[in-house]
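Residue numbers (UniProt numbering): 1 to 127.
Just so it is clear, CB atoms sit at the ideal spot from N, CA and C, and this is done for glycine as well.
Predicted model only: the values in this text are computed from it and were never measured.
Worksheet: one structure, shown below.
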């Protein structure tokens, strides 16, 4: 890398420039090393995503059951469950379908907390 010699700004010495260049080179070496470590640790040959524990393993949202991709910071009594059940309107989470059904009977929300901007054939879009 060639550096065109220029006048240094006031208050900056050649020693300051040398220290900066050395620090920059060291940071580049460390960044490259970390990037290589990340590539190795996430390669399909060495990492098995199904072996990483996900808590909860799945969520039930309305009529859909979705596998989680990673753990979320739920209270421990909920995080250790295999499934969490979510109210699709107020987003309350419960431990079981029965508790969710009781909640749905009492829940005042009948649409997401937003303004409906489009509706057609059973599809609604909220903003």
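| Item | Value |
| --- | --- |
| Limits of the beta strand (DSSP E) - the one that residue 146 falls within | Because the chain in this structure spans residues 1 to 127, residue 146 falls outside the shown range and cannot be described. |
| Between the CA atoms of residue 107 and residue 83 - distance to the nearest angstrom | 21 Å |
| Element boundaries [alpha helix (DSSP H), containing residue 83] | Counting along the chain, residue 83 falls outside any alpha helix (DSSP H), though it belongs to the beta strand (DSSP E) covering 83-86. |
| Spatial distance of residue 94 from residue 26 (CA atoms) | 50 Å |
| Own chain residues within Cβ distance below 6 Å of residue 69, not counting five before or after | none |
| Rounded separation between residue 15 and residue 9 - CA only | 13 Å |
| Residues that residue 128 bridges to, as DSSP identifies them | Outside the displayed span of the chain (1 to 127) sits residue 128, for which this structure offers no information. |
| Top-ranked residue by Cα proximity to residue 130, from 65, 67, 29, 57 | Residue 130 lies beyond the stretch modelled for the chain, which goes from 1 to 127, so this question has no answer here. |
| Which of helix, strand or coil DSSP assigns to residue 12 | coil |
| Element boundaries [beta strand (DSSP E), containing residue 119] | 116-120 |
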